[in-house]
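*Asks:* Following our numbering, the numbering of the sequence shown begins with 166 at its first residue and continues without gaps.
I'd like to ask some things about the structure below.
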Amino acid sequence: MAIGEYSKSDRQFVDSGWITDLDSGRKVWEMTKRNTQHAGGDEKNRMFDGLVDLPEGSYQVCYSSDDSHAYRSWNTAAPFQPKSWGLTIIPGPDFDKGSFSLLTGDMAVQSPNCLVQIVRVRNREHQRDTFVLDTETEIHIYAIGEWDEIYDEFADYGWIEDSRGHTVWEMTRRNTRFAGGARKNRRFDDSLVLEAGEYEVHFRTDDSHAFNQWNAERPRDPRNWGITIRTADN
């Protein structure tokens with residue numbers, strides 16, 4: 166069960182939850198306008214109440230809210246179940262408690278499929294990390310950054326270089342999508358194939374609008390401001 170806030174003017178959720186597969190980095194479920202219904206009170210209150218089938222694996226549950234209209238901070242009529250604002254996972258039919266365990270944050274980061282994780286990047290930083298591929302491999306990249314509409318270029322962004330220093334991938338206006346919040350927040354969430362070799366990952370920020378230093382509305386997934394690379398599903 167999940168209750169959140171849908172902004173009709175922006176056509177997006179500003180308070181919402183989702184579930185990510187830690188091995189692939191892909192979202193396997195999220196609140197949408199279509200899979201939710203009115204939760205009572207103001208029309209922007211939306212609720213998901215249903216079953217989600219997940220295969221064996223490791224998952225991360227996330228919930229993000231903006232700066233208004235949340236539990237005990239309502240700016241319009243509260244939903245019928247205000248104490249349930251957020252996300253609650255309840256065992257479904259035939260649930261086997263013995264096959265379930267909680268992961269700590271460190272265990273989640275140490276997923277064997279995770280090659281590089283540079284996240285929660287703050288202003289005026291240029292962080293680097295490397296990874297090696299023994300064979301041609303499909304990788305999944307999840308990156309969130311800032312597009313500067315005035316200069317028509319990224320201000321906070323990530324890229325990958327090969328061992329010769331050649332850029333083999335980078336965030337661009339065309340290959341990214343809106344990441345929620347301010348229009349300048351952009352997200353890359355896709356896969357590509359790289360040849361065997363050593364690679365260096367970069368993420369650079371300018372002097373404003375980064376993790377916990379926002380000068381406009383933050384993205385929907387602020388904790389992942391930066392770049393995460395995993396091996397993709399086979």
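We put the CB at the ideal spot given by N, CA and C, even for glycine.
Fair warning: this is a prediction, and the values are worked out from it, not measured in the lab.
#1: How far does the beta strand (DSSP E) with Arg211 in it extend, from its first residue to its last?
#2: Could you tell me whether the Cβ atoms of Ala252 and Ala167 are closer together than 8 Å?
#3: Specify, as a first and last residue, the run of the beta strand (DSSP E) that Leu357 falls within.
#4: Quick test of the definition: if touching needs 3 or more C-beta pairs under 8 Å, does the stretch 290-297 touch the stretch 220-230?
#5: At 3 residues or longer, what runs of the beta strand (DSSP E) sit wholly inside the stretch 212-279?
#6: In the DSSP assignment, what are the bridge partners of Tyr364?
#7: Let me confirm a value: Lys262 is counted as buried when at least 16 other C-beta atoms fall within 10 Å, else exposed. Which label applies?
#8: Mapping the DSSP letters down to three states, classify Arg342 as helix, strand or coil.
#9: Grab the span of the beta strand (DSSP E) containing Asp313 for me, first residue to last.
#10: Report the partner residues of His203 according to the DSSP bridge assignment.
#11: Check for me: the beta strand (DSSP E) holding Thr197 runs from which residue to which?
#12: Terminal residues of the continuous beta strand (DSSP E) containing Gly182?
#13: Taking only the alpha-carbon atoms, compute the straight-line gap between Phe265 and Glu314 and give it to the nearest angstrom.
#14: Exposed or buried, Gln202, counting other C-beta atoms within 10 Å across all chains shown (16 or more means buried)?
#15: If you check the beta carbons only, do Ala235 and Asp207 fall under 8 Å apart?
#16: Output the distance between the C-alpha atoms of Ser172 and Ser189, rounded to the nearest integer angstrom.
#17: For Asn288 and Phe260, I'd like the C-alpha separation in whole angstroms.
#18: Could you give the C-beta distance for Pro375 and Asp321, rounded to a whole number, given that I count them as a contact under 8 Å?
#19: Can Cys279 and Arg395 be called in contact, C-beta distance under 8 Å?
*Replies:* Short version:
#1: Residues Asn210 to Phe213.
#2: This sequence places Leu at residue 252; Ala is not what is there. The Cβ-Cβ distance between Leu252 and Ala167 falls below 8 Å.
#3: Asn350 to Leu359 is the span of the beta strand (DSSP E), which, as asked, contains Leu357.
#4: Judged by Cβ distances under 8 Å, the stretch 290-297 makes no contact with the stretch 220-230, as fewer than three pairs qualify.
#5: The stretch 212-279 contains these whole beta strand (DSSP E) runs: 224-229.
#6: Answer is Phe296.
#7: A residue is called buried when at least 16 other Cβ atoms come within 10 angstroms of its Cβ; Lys262 does not meet this threshold and is exposed.
#8: In this structure, Arg342 counts as strand in the three-state DSSP scheme.
#9: First-last of the beta strand (DSSP E) with Asp313: Thr302 to Asp313.
#10: Per DSSP, Arg211.
#11: Where Thr197 is concerned, there is no enclosing beta strand (DSSP E), because DSSP gives it neither an H nor an E.
#12: Counting along the chain, the beta strand (DSSP E) containing Gly182 begins and ends at Gln177 to Asp186.
#13: Between Phe265 and Glu314, the C-alpha separation is close to 46 Å.
#14: Around the beta carbon of Gln202, fewer than 16 other beta carbons sit within 10 angstroms, so the residue counts as exposed.
#15: At a Cβ-Cβ threshold of 8 Å, Ala235 and Asp207 do not count as neighbours.
#16: Using only the alpha carbons, I get a separation of about 29 Å.
#17: When the Cα atoms are used, Asn288 and Phe260 turn out to be separated by approximately 45 Å.
#18: According to the sequence provided, residue 375 is Ala. The question's Pro does not apply to it. At roughly 6 Å, the Cβ-Cβ gap stays under 8 Å, so Ala375 and Asp321 are in contact.
#19: Yes; because the gap between Cβ atoms is below 8 Å, this pair is in contact.
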